[in-house]
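K.L.:
Number of protein chains: 6
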Amino acid sequence: MHIRVINPNTTAGMTATIGEAARRIAAPGTHISATQPDAGPVSIESHFDEAISAVGVLEEVLAGEREGVDAYVIACFGDPGLMAARELTRAPVLGIAEAAFHMASLISTRFSIVTTLGRTGIIAEHLLEQYGFRHHCRRVRAAEIPVLDLEENGDAALSRLIGECRRARDEDGIGAIVLGCGGMADLTDEIAREVGLPVVEGVTAAVKLTEALVGLGLGTSKHGDLAFPRPKAFTGRFAHLSELTPRR
Amino acid sequence: MHIRVINPNTTAGMTATIGEAARRIAAPGTHISATQPDAGPVSIESHFDEAISAVGVLEEVLAGEREGVDAYVIACFGDPGLMAARELTRAPVLGIAEAAFHMASLISTRFSIVTTLGRTGIIAEHLLEQYGFRHHCRRVRAAEIPVLDLEENGDAALSRLIGECRRARDEDGIGAIVLGCGGMADLTDEIAREVGLPVVEGVTAAVKLTEALVGLGLGTSKHGDLAFPRPKAFTGRFAHLSELTPRR
Amino acid sequence: MHIRVINPNTTAGMTATIGEAARRIAAPGTHISATQPDAGPVSIESHFDEAISAVGVLEEVLAGEREGVDAYVIACFGDPGLMAARELTRAPVLGIAEAAFHMASLISTRFSIVTTLGRTGIIAEHLLEQYGFRHHCRRVRAAEIPVLDLEENGDAALSRLIGECRRARDEDGIGAIVLGCGGMADLTDEIAREVGLPVVEGVTAAVKLTEALVGLGLGTSKHGDLAFPRPKAFTGRFAHLSELTPRR
Amino acid sequence: MHIRVINPNTTAGMTATIGEAARRIAAPGTHISATQPDAGPVSIESHFDEAISAVGVLEEVLAGEREGVDAYVIACFGDPGLMAARELTRAPVLGIAEAAFHMASLISTRFSIVTTLGRTGIIAEHLLEQYGFRHHCRRVRAAEIPVLDLEENGDAALSRLIGECRRARDEDGIGAIVLGCGGMADLTDEIAREVGLPVVEGVTAAVKLTEALVGLGLGTSKHGDLAFPRPKAFTGRFAHLSELTPRR
Amino acid sequence: MHIRVINPNTTAGMTATIGEAARRIAAPGTHISATQPDAGPVSIESHFDEAISAVGVLEEVLAGEREGVDAYVIACFGDPGLMAARELTRAPVLGIAEAAFHMASLISTRFSIVTTLGRTGIIAEHLLEQYGFRHHCRRVRAAEIPVLDLEENGDAALSRLIGECRRARDEDGIGAIVLGCGGMADLTDEIAREVGLPVVEGVTAAVKLTEALVGLGLGTSKHGDLAFPRPKAFTGRFAHLSELTPRR
Amino acid sequence: MHIRVINPNTTAGMTATIGEAARRIAAPGTHISATQPDAGPVSIESHFDEAISAVGVLEEVLAGEREGVDAYVIACFGDPGLMAARELTRAPVLGIAEAAFHMASLISTRFSIVTTLGRTGIIAEHLLEQYGFRHHCRRVRAAEIPVLDLEENGDAALSRLIGECRRARDEDGIGAIVLGCGGMADLTDEIAREVGLPVVEGVTAAVKLTEALVGLGLGTSKHGDLAFPRPKAFTGRFAHLSELTPRR
């Protein structure tokens, strides 16, 4: 089984971190390839960054389709391009926010999210709403760490994250914590150890969930509203998408 | 007041239709400029088309900012790039789905949506949910008309639309109909006449709502989660966005 | 265009304040007439005050219909008599709570309400629920100012309001504030200046929204549940309503 | 225990019907007095009728307070003036829609409402929403009978009602039916017999619920938002309310 | 009328307390019999305790059916076995959490729950959700008292409860308090006196509600999903249930 | 990894069917043991059957704990005893309704459920609500097949199921179907082939989800409301549970 883990930003260090975390958790027969778009933001901290990153995500999926990839993970906590990516393939496609919410709700009745910047909280709120987990999440918390600080300023970032997770544990009436950024994929174990309650991280959760779906023979439904997009012309810089769009 | 009406697809005929509808409804002092992206899909009929179109929408907003535009309308019923566009400006930005839902809920207690293709219904459902109108919409109906048929095959499309609107009127227990595509902007009056209940169309609704917001001195809040994106590098084909992102 | 702004209470000073605020914001071609009922409470601070005031509101609408008024604004934050008023006319009718919620949700993702007395918070909660904005409002706050203090004790009231608005800005994770009383219509600018984020006030919001609706040729739907009331006898002190009820 | 059953319309025949139904169901020690306002609509079939009727309802409650009434029932299915009435007294006040919803949800998992005119369905929908029963009600059905036909045209009305109730039973997947008009209070038994599943009627339900509350020593809370209205002046035709408003 | 009040735990002292509270509140013609299962947990403080206790509750209902009992109350705040019990009888069956929520929502717009242990809060949350009262309950609070402390350590428990109720009154913006444990049935009056706002207790509420339902001739619907279970074999230790299941 | 699949009913044939389906889908390193309670109903078709079956489920979990089982699946579509079972172990515990809802929502935007008997639909509705999937499920359909017919009358049952699934596919606007009974575990492939859209079955879904959770090192949270039950005495026939309750 070949899972393509797509880091929607263009910071190679983060792609490596995410890829490693994915590989560590993958089942023996699972091949992980971690990629990132050619073009886009170096980190994703706003709706704008997300919208731009979605193009690269979709091109990575189209590339994966040519290579026969079996499943996709979109490794940014806002799940950029998720619905669009599902239209492009029969394979399962998972977002890491989505994956983390599902897993957290299976081991606890209520969870909190600890994310990077407060301004991205609204993205998590919209996803909780759309996916059905609004009432399972007690609170969206931010450690107010810029995403790239997780790479560049690791110790300080980790210690702020642990502090915020402890406050979540003590104040929110929860059973689990969801980490709100793909860049935290390598910190999960240490945070869990320090905080002492289950900590769910989306990259790893998504890898195991896609393995599960592939194992079940389940992929994105092509009946109804996630069917392949109708073939059509794209113009200008996106003209290549007229070709790339899958057509069967 | 200068309102930029952005047609997110790249079909010039539709941009013209939308622009004219906007001009017809605009107040005397309002200047309407209708634009379309350089690059993108010729019509928007899926999440994929939407995600790609969002890039062009955002670039149009960035261009508008350099020109001193006062307000923006995103003239596709899926409101592509809406939240991201809001981050880029202090001006109001409205989506046409959003605008139509608001207006319909002010003149009726319950409405139905009549859109083009059934597969886009889920996009409307997600927006109704996020904006708060889930319980105000009785039903999302599709006439199963491809978007460009509105341009190329106008009479047949119109007659199918009128048929579906009549069924909505007679079966759904509603007070108003929302037309679910920017390309229907020039059909509103005829449909309303044939169907005999208020028909709300998003382009026109959005123009009047943005005039209202500008009149009130209200623009997109820069306090909190719609603040300008944090400045950062974009790579590759999107490198120009490192420059373009507003920074005050 | 003739907009009738109805102050549901019988305090002439407040009618004047509201009328002036409406006139200041109205478009050049808009004529504002501000009225108040002959009879009713001098201020509205409870469900009881609201229920009594609704009669006067409805009589003002019936009077407006005889005069050919084009649109109505009900200028009390509980929107007293709103659904009933809509039944009486083909014109648009807007409540100021409703108008403010709509406008605030177009420029921010989440807002808080700052109202007069805590006991009226439940009225706002019920309206948020009915209109669909429950999840857009983070918190309903009260400055604990009796409504008439806004008239009689302006400076102290203003300073309490500003204090409460600042707390909302700093603690609630919001992008905008909704002012929760028609009597605050003349304070918006000063509050906005002091607090530094968008402040949405209902009277002005409603005037611009009704202009927008009239501009669109949209009025209250007479198809379905907002149709004119069935003609019928009223007895006693309300016998005149047998005559007044519109009948076409 | 003295329960005042207030018929919000001014049709004496309906007051008598309602009073009798209440008396038949009341416990031995319960005294029922059925009253109607001096002034108002002869039937209630719209938001407008409701808003006007609320004044009479509230005056009946104020009169009841002077007489030492122990509990109130508002016997119209839209529960006109309910929240306002609660502010006026320490006694329990129940609406009949509310009472019927509560009782139906205790003996079935899902119910349907069968009411008079389709246009009043929205009133029921708003109440279901506010009270918390939206998901317990499968469908709001109308027999399209004007309210006074229940008085004047009893047999035809009854047969239409039975027909609609049977359709509800067979098509809606429910366990109980709620009758949607106070004027049906004397038809419950016959309908239940004909339809063969529990039929909940609001007047009788409300009488038993108020007996239950009084038996528990529970009355409307005066802590918080249902406290007595703040004393204030009312003007014109409502000047007497300045006096009447309770003040302890 | 014979109401069987079932204490789902096996602590006789609590059965006595509950029975007495029920008798004190019952109408003259009501006979109360308080019972407890032969087997089960001595107190109920978890989902596990609840699940085990449900068996005893259901056997008590089956026993009651043989004795001609007219109505049942399940006197534990998690309403264990409620839906199942309803299937076994035409009589009304009420849970005390359910009963308390209904009554509290009739005398206040918002209430808080004060329960024993924090860990049981999730049970109350799930019930609020299923019954429709999620938005009527501001907060679920726990005094962190083990259930049996109410029996064995009464004074300390009472004083903690009163403290928590006062905090609810002062901080939650509520009109009433719901006591979250059947074992508090004898403390209601004292708590209400100390706290000064309506305090709703479930055992007493349920007794009066079942009297009301019986008075109305309403019992659990046998049309649809609460019909008698299909007859079938039970094996092993539960073989006797093959016999006991009602069959008409 | 040792997964215990618990068939909550006592029909050995169904345990075998479920166990085989689980084994076919399990990963190479996964050991499946399929068990059933000593005592309980031979099939589960009501709340009553469910409540009784929960005891056996919980005893199977306690037995599993003594044997060092790594994860549990409760293989009945009502998820009987799920929350209680979670309290008993650090291992993951999944219900099959839950598992199927999660998986279906990852490959489609909307699904329908096809279950056995209409009367069990309410159980699915309550679970959808509690888990957060109410809006993802378009419709709960029943083929009106008694559970044991799946064993004893396989061909007729299969053909009814396929018919109902086809209607779901054609009428419901969905992307996937959830099979609503553990006894359908061996029919999934054939139904999927006949119906032509993804069919999600709970036993298999739950096995893969538990493998995923175990792979992630995630188990039921012992922080907060799913902590081990407080140790306590159980009486009578349940006295052995005083011993069995886990205590660390």
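Chains as they are written, first to last, in full-length UniProt numbering: chain X, 1 to 248; chain Z, 1 to 248; chain U, 1 to 248; chain L, 1 to 248; chain C, 1 to 248; chain E, 1 to 248. Just so you know, even glycine gets a beta-carbon here, dropped at the ideal spot from N, CA and C. Note that the structure is predicted; figures quoted are calculated from it, not measured.
1. Which of the three DSSP states is assigned to GLY95 (chain E) in this structure?
2. So ASN9 (chain L) and SER53 (chain L) are in contact, right, with Cβ under 8 Å, and what is the actual spacing, rounded?
3. Rounded C-beta distance between THR30 (chain U) and ARG4 (chain U)? I'm assuming under 8 Å.
4. In chain order, what residues of the region 118 to 136 of chain X put their CB closer than 9 Å to some CB of chain U?
5. With DSSP as the reference, identify every bridge partner of PHE234 (chain E), one or two as the case may be.
6. Return the CA-CA distance between ARG247 (chain X) and ASP189 (chain U), expressed in angstroms with no decimal places.
7. Inspect the beta-carbon positions of ARG138 (chain Z) and GLY219 (chain Z) and report whether they are closer than 8 Å.
8. Quick one: Cα of ARG23 (chain Z) to Cα of LEU187 (chain Z), how far?
9. Chain L beta carbons: is any one of them nearer than 8 Å to that of THR109 (chain Z)?
10. Using beta-carbon positions only, say whether ILE96 (chain C) and VAL140 (chain C) come within less than 8 Å of one another.
11. I need the DSSP call for ARG247 (chain Z), collapsed to helix, strand or coil.
12. Comparing alpha-carbon positions, which option in C:VAL61, C:PRO41 and C:ARG160 lies nearest GLU243 (chain E)?
13. Count the other CB atoms, across all protein chains shown, that sit within 10 Å of the CB of PRO198 (chain U); report buried if there are 16 or more and exposed otherwise.
14. On the three-state DSSP scale, how would you describe SER33 (chain U)?
15. Threshold first: 3 residues or longer. Then list the beta strand (DSSP E) segments lying entirely within the region 72 to 149 of chain Z, N to C.
16. Compute the Euclidean distance between the alpha carbons of ILE191 (chain Z) and LEU179 (chain Z), then round it to the nearest angstrom.
17. Please list, in chain order, the residues of the region 225 to 241 of chain C that have any C-beta partner in chain E closer than 9 Å.
18. Would you call the CB atoms of ILE107 (chain C) and LEU241 (chain L) closer than 8 Å?
19. Is the shortest distance between the beta-carbon of PHE48 (chain Z) and the beta-carbons of chain A less than 8 Å?
20. Is the CB of VAL55 (chain C) under 8 Å away from at least one CB in chain E?
21. ILE44 (chain L) and VAL147 (chain L) - do their beta-carbons sit closer together than 8 Å?
22. DSSP three-state call for GLY217 (chain Z): helix, strand or coil?
23. In this structure, does DSSP put ILE3 (chain L) in helix, strand or coil?
24. How should ASN7 (chain Z) be labelled, buried or exposed, when 16 other C-beta atoms within 10 angstroms of its C-beta is the threshold for buried?
25. How is ALA26 (chain E) classed by DSSP in three states: helix, strand or coil?
26. Taking beta-carbon pairs under 8 Å, can you tell me which members of the region 197 to 212 of chain Z lie near chain U?
27. Going straight from the alpha carbon of GLY121 (chain C) to that of ALA233 (chain X), what length do you get?
28. Quickly, what does DSSP pair VAL69 (chain X) with across the bridge? List them, please.
29. Name the chain X residues whose beta carbon is nearer than 9 Å to that of THR220 (chain E)?
30. Which one or two residues does DSSP pair with ALA176 (chain X) in a beta bridge?
31. Using DSSP bridges, identify the partner residues of VAL200 (chain C).
32. Would you call the region 48 to 63 of chain Z and the region 73 to 87 of chain Z in contact, with 3 or more CB pairs under 8 Å?
33. Would GLU87 (chain E) pass as an interface residue toward chain C - the criterion being a Cβ-Cβ separation below 8 Å?
34. Tell me which residues share the same chain as GLU164 (chain Z) and place their Cβ nearer than 8 Å to its Cβ, disregarding the 5 neighbours each side in the sequence.
35. Near THR109 (chain Z), which residues of its chain fall below 8 Å by C-beta distance, leaving aside the five closest residues on each side in sequence?
P.N.:
A quick look at the data gives this:
1. Translated into the one-based positions of the sixth sequence, residue 95 (chain E) becomes position 95. Strand.
2. The residue given as residue 9 (chain L) occupies position 9 in the fourth sequence. The residue given as residue 53 (chain L) occupies position 53 in the fourth sequence. So it is a contact: roughly 6 Å between Cβ atoms.
3. For this step, residue 30 (chain U) is matched to residue 30 along the third sequence. For this step, residue 4 (chain U) is matched to residue 4 along the third sequence. With 8 Å as the limit, THR30 (chain U) and ARG4 (chain U) do not qualify as a contact, their Cβ atoms being about 11 Å apart.
4. GLY118, GLY121, ILE122, GLU125, HIS126, GLU129 and ARG134
5. Taking the sixth sequence and counting its residues from 1, one reaches residue 234 (chain E) at position 234. In the DSSP assignment, PHE234 (chain E) is bridged to C:PRO41.
6. Start at 1 with the first residue of the first sequence, and residue 247 (chain X) comes out as number 247. Start at 1 with the first residue of the third sequence, and residue 189 (chain U) comes out as number 189. For ARG247 (chain X), the pLDDT reaches just 47, beneath the cut-off of 50, and the residue's location in the model is therefore unreliable, leaving the point undetermined.
7. Numbered from its first residue, the second sequence carries residue 138 (chain Z) at position 138. Numbered from its first residue, the second sequence carries residue 219 (chain Z) at position 219. No, Cβ-Cβ distance for ARG138 (chain Z) and GLY219 (chain Z) is not below 8 Å.
8. Walking along the second sequence from the start, residue 23 (chain Z) turns up at place 23. Walking along the second sequence from the start, residue 187 (chain Z) turns up at place 187. One C-alpha to the other measures close to 15 Å.
9. Walking along the second sequence from the start, residue 109 (chain Z) turns up at place 109. Yes, its Cβ sits closer than 8 Å to a Cβ of chain L.
10. Against the fifth sequence, residue 96 (chain C) aligns to sequence position 96. Against the fifth sequence, residue 140 (chain C) aligns to sequence position 140. Cβ atoms of ILE96 (chain C) and VAL140 (chain C): not closer than 8 Å.
11. In the second sequence, residue 247 (chain Z) corresponds to position 247, counting from 1. Annotation note: pLDDT 48 at ARG247 (chain Z) (below 50); position unreliable, no value reported.
12. Residue 243 (chain E) sits at position 243 when you count from the first residue of the sixth sequence. For GLU243 (chain E), the closest alpha carbon among the candidates C:VAL61, C:PRO41 and C:ARG160 is that of C:PRO41.
13. Taking the first residue of the third sequence as position 1, residue 198 (chain U) is located at position 198. PRO198 (chain U) is buried by the Cβ-count criterion.
14. The residue labelled residue 33 (chain U) in the question sits at position 33 within the third sequence. Strand at SER33 (chain U).
15. 93 to 95, 111 to 115 and 137 to 142
16. By one-based count along the second sequence, residue 191 (chain Z) stands at place 191. By one-based count along the second sequence, residue 179 (chain Z) stands at place 179. Roughly 10 Å between the two C-alpha positions.
17. ASP225, LEU226, ALA227, PHE228, PRO229, ARG230, LYS232, ALA233, PHE234, THR235, GLY236, ARG237, PHE238, ALA239 and LEU241
18. Position 107 of the fifth sequence holds residue 107 (chain C). Position 241 of the fourth sequence holds residue 241 (chain L). For ILE107 (chain C) and LEU241 (chain L), no; Cβs fall outside 8 Å.
19. Among the protein chains of the structure shown, namely X, Z, U, L, C and E, there is no chain A.
20. Here residue 55 (chain C) refers to the residue found at position 55 of the fifth sequence. Yes, contact with chain E.
21. Working through the fourth sequence from its first residue, we reach residue 147 (chain L) at position 147. Working through the fourth sequence from its first residue, we reach residue 44 (chain L) at position 44. It is a contact, given that the beta carbons lie within the stated cut-off.
22. Locating residue 217 (chain Z) in the second sequence gives position 217, where the first residue counts as 1. Three-state result, GLY217 (chain Z): coil.
23. The count along the fourth sequence starts at 1 and reaches residue 3 (chain L) at position 3. Reduced to three states, the DSSP call for ILE3 (chain L) is strand.
24. Counting from one through the second sequence, the residue named residue 7 (chain Z) turns up at place 7. Buried: at least 16 other Cβ atoms inside 10 Å.
25. In the sixth sequence, the residue the question calls residue 26 (chain E) occupies position 26. Three-state DSSP puts ALA26 (chain E) in coil, outside helix and strand.
26. LEU197, PRO198, VAL200, THR204, ALA205, LYS208, LEU209, GLU211 and ALA212
27. Looking up residue 121 (chain C) in the fifth sequence gives position 121. Looking up residue 233 (chain X) in the first sequence gives position 233. Those two C-alpha atoms are separated by around 56 Å.
28. Residue 69 (chain X) sits at position 69 when you count from the first residue of the first sequence. VAL69 (chain X) is not bridged to any residue.
29. The residue you call residue 220 (chain E) lines up with position 220 of the sixth sequence. Neighbours of THR220 (chain E) on chain X, chain order: LEU106, ILE107, SER108, GLY175 and PRO198.
30. For the purposes of this step, residue 176 (chain X) is taken as the residue at position 176 of the first sequence. For ALA176 (chain X), which the question treats as bridged, DSSP gives the partners X:PHE111.
31. Mapped onto the fifth sequence, residue 200 (chain C) falls at position 200. VAL200 (chain C) pairs with C:VAL178.
32. Yes, the region 48 to 63 of chain Z touches the region 73 to 87 of chain Z.
33. By 1-based counting over the sixth sequence, the position of residue 87 (chain E) is 87. Closer than 8 Å: yes.
34. Counting from one through the second sequence, the residue named residue 164 (chain Z) turns up at place 164. Correct list, in chain order: VAL114, ARG141, ALA142 and ALA143.
35. Taking the second sequence and counting its residues from 1, the one referred to as residue 109 (chain Z) is at position 109. Once the five neighbours on either side are set aside, the close Cβ partners of THR109 (chain Z) are HIS136 and GLY175.
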